[in-house]
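Working notes, beginning with the structure itself.
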Ligand SMILES: C[S@@+](CC[C@H](N)C(=O)[O-])C[C@H]1O[C@@H](n2cnc3c(N)ncnc32)[C@H](O)[C@@H]1O
């Protein structure tokens, strides 16, 4: 069945409560249809250009599948803040954090629409999550305002291609429907919000345009070179 009716935030939460325990397994099944999920996750994490000691927020972090990539980037002196709507998904993330012995991860149970970003974060990541939030535009705006100079917002998510391939979307909708992704969400364009709120912007289309990585970068601090006053003659 093609799922193209709207879905509320409560319904999204219910879906992920049911999926939480098997989420990691089912998410990896996308490999079976040739979706290079991990290559794309690595590209998205690398696009954050994080340095050791950096603070990064992940919106819709789910079970924390990206945390190993973020840990590698920020190191033990860095800080990772995972935000998610669904208690059961965060419970899986908490288990991962305990098993790995990470002491620099904070988990926040919150709708992204209500989350207050700490000031001066170095990076914000969201993979396969932000399009599920009807208020994605405000979330991106507030995140952009919280970014430190040179900080980056990176989104990896699904979208419809701009080509004839879009015709394949209705028959393929069953692939994403179990994750709460509906065809009507294709009208949500988070990459346009990234382009709107941040001065530098890049978009890379993946998988025939069915997925993308959007990167926005906050203004970098200008290094003003002062010319010394010349003596009057
Ligand atoms: C497909 S999973 C992605 C999880 C993780 N980012 C990943 O790539 O594996 C979507 C996640 O987004 C979360 N989510 C959906 N709507 C949200 C919202 N409005 N605020 C915060 N999290 C949300 C869900 O609870 C779920 O954990």
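In the numbering used here, the protein residues as written are 257 to 489. Just so it is clear, CB atoms sit at the ideal spot from N, CA and C, and this is done for glycine as well.
The Cβ atoms of residue 383 and residue 441 do not sit closer than 8 Å to each other. Counting the other Cβ atoms within 10 Å of the Cβ of residue 409 gives 16 or more, which makes it buried. In chain order, 335, 377 and 378 place their CB closer than 6 Å to the CB of residue 311, counting only its own chain and leaving out the 5 sequence neighbours on each side. In this structure, the straight-line span from the alpha carbon of residue 424 to that of residue 415 is close to 12 Å. Beta-bridge partners of residue 409 (DSSP): 380 and 472.
For residue 395, the enclosing alpha helix (DSSP H) has its first and last residue at 392-402. It is roughly 12 Å from the alpha-carbon of residue 381 to the alpha-carbon of residue 403. Look at residue 458 here: in three-state DSSP terms it is strand. For residue 467 and residue 333, the gap between their C-alpha atoms comes out near 32 Å.
Distances from the alpha-carbon of residue 373 to those of 437, 337, 279 and 422 put 337 closest. Ranked by Cα distance from residue 284, the first of 435, 331 and 360 is 435.
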